[in-house]
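The sequence shown runs 760 to 897 under my numbering. Heads up, the beta-carbon is just placed ideally off N, CA and C, and yes, glycines get one too. The structure under discussion appears below in the form of structure tokens.
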Amino acid sequence: MYFFGYIISYFFVILLSIVLTLGIIEILNALINSPRPIVTYENLINSPIITENTKELWRDGWARNAKHGAFPSDTVALLATMAIGLFLWKRLVGTLAILFVLFAGILPRLYFGLHYPSDMLTGMLISAFSTLIIEKVK
């Protein structure tokens, strides 16, 4: 029975950390206007969608919406929060999750021009801060 209580406690640590992380990110997104690299350097970025209307998708789509600024990255912060929570629970599982964040979260967002490196680093720092705070309070 102790084992299940242990797992549930880390589940709630991760869940509350996600809430705190995304709350901080939303406040920063509302305060800071940061256009995405795909908007700023349109001709230098690789297009992730190859269709007849690719330019229209990027020109009028969510990437250009001011409410979806680049700084800080909420997607990377969400993934990093889960990875750090898993790392606090089990080191091996957490290490694999952090590698997943790197290869499935960070590198594609850099390649397609959705975020600057500082956007993602800040998101990861916020997630680490939030997860460690919730872990200490637990």
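Item                                                                                                                                                                    : Value
Please classify Tyr-870 as buried or exposed, where buried requires at least 16 other C-beta atoms within 10 Å of its C-beta.                                           : exposed
If you reduce the DSSP assignment to three classes, tell me which class Tyr-769 lands in.                                                                               : helix
Could you give the C-beta distance for Ile-797 and Gly-872, rounded to a whole number, given that I count them as a contact under 8 Å?                                  : 4 Å
Along the chain, which unbroken stretches of the beta strand (DSSP E) at least 3 residues long are found entirely within the region 831-888?                            : none
Would you kindly check if the distance between the Cβ of Gly-882 and the Cβ of Ala-836 is under 8 Å?                                                                    : yes
Just to confirm my understanding: we take Trp-848, look at its own chain, exclude 5 residues before and 5 after, and list those with CB closer than 6 Å. What are they? : Tyr-769
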